[in-house]
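K.L.:
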Amino acid sequence: MGHAGSKHFFFEKDMICAAVSVLVINTVNSLETLASEKLKITQNQAEGFLRCEFVSGISDKGSLLMDSMILGLQGIVKQYGSKYLQVNIEEV
1 MGHAGSKHFF FEKDMICAAV SVLVINTVNS LETLASEKLK ITQNQAEGFL RCEFVSGISD
61 KGSLLMDSMI LGLQGIVKQY GSKYLQVNIE EV
């Protein structure tokens with residue numbers, strides 16, 4: 001949720017925002033296409049918000065794709081710090 005804080009061109013912020021967007025959007029597309037997950041998507045591009053709910057549980061493929069996205073996001077935090085990106089994992 002949220003943008004990296006860039007209103008003007010700041011390479012590091014824009015690069016982080018783009019990397020997060022690619023990881024998240026590709027994961028959602030992969031969940032639907034490769035893992036055949038049924039998802040309920042809520043998004044607001046202006047606020048940088050995307051919520052993805054699994055309608056009928058998550059498959060092993062879906063779980064692997066989510067783990068891959070989390071690994072990528074945590075890698076961004078490790079590389080650039082938590083100034084622009086924080087990864088909070090909440091299982092329900």
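Just so you know, the sequence shown maps onto residues 1 to 92 in the numbering used here.
We put the CB at the ideal spot given by N, CA and C, even for glycine.
Which runs of the alpha helix (DSSP H) at least 4 residues long sit entirely within the segment 26–83? Give them in chain order.
P.N.:
For the segment 26–83, whole alpha helix (DSSP H) runs of length 4 or above, ordered along the chain, are 60–80.
K.L.:
Between residue 79 and chain C, is any beta-carbon pair separated by less than 8 Å?
P.N.:
The chain labelled as chain C is not found in the depicted structure, where only one protein chain is given.
K.L.:
Go through its chain and collect everything with a Cβ distance to residue 38's Cβ below 6 Å, but skip five positions before and after it.
P.N.:
For this step, residue 38 is matched to residue 38 along the sequence shown. Excluding sequence neighbours, residue 38 sits near 55, 56.
K.L.:
How would you call residue 75, buried or exposed, if buried means at least 16 neighbouring beta carbons within 10 angstroms?
P.N.:
Taking the first residue of the sequence shown as position 1, residue 75 is located at position 75. Label assigned to residue 75: exposed.
K.L.:
Three Cβ pairs or more, each shorter than 8 Å: is that satisfied between the segment 63–75 and the segment 25–38?
P.N.:
yes
K.L.:
Express the C-alpha separation of residue 71 and residue 83 in angstroms, rounding to a whole number.
P.N.:
The count along the sequence shown starts at 1 and reaches residue 83 at position 83. The count along the sequence shown starts at 1 and reaches residue 71 at position 71. Here the alpha carbon of residue 83 sits roughly 18 Å from the alpha carbon of residue 71.
K.L.:
Tell me which same chain residues have a C-beta within less than 6 Å of the C-beta of residue 69, skipping the five on either side of it?
P.N.:
In the sequence shown, the residue the question calls residue 69 occupies position 69. Excluding positions up to five away in sequence, the list reads 23, 27.
K.L.:
Do residue 16 and residue 73 count as a contact pair if the criterion is CB distance below 8 Å?
P.N.:
For the purposes of this step, residue 73 is identified with residue 73 of the sequence shown, where counting begins at 1. For the purposes of this step, residue 16 is identified with residue 16 of the sequence shown, where counting begins at 1. No, they are not a contact pair.
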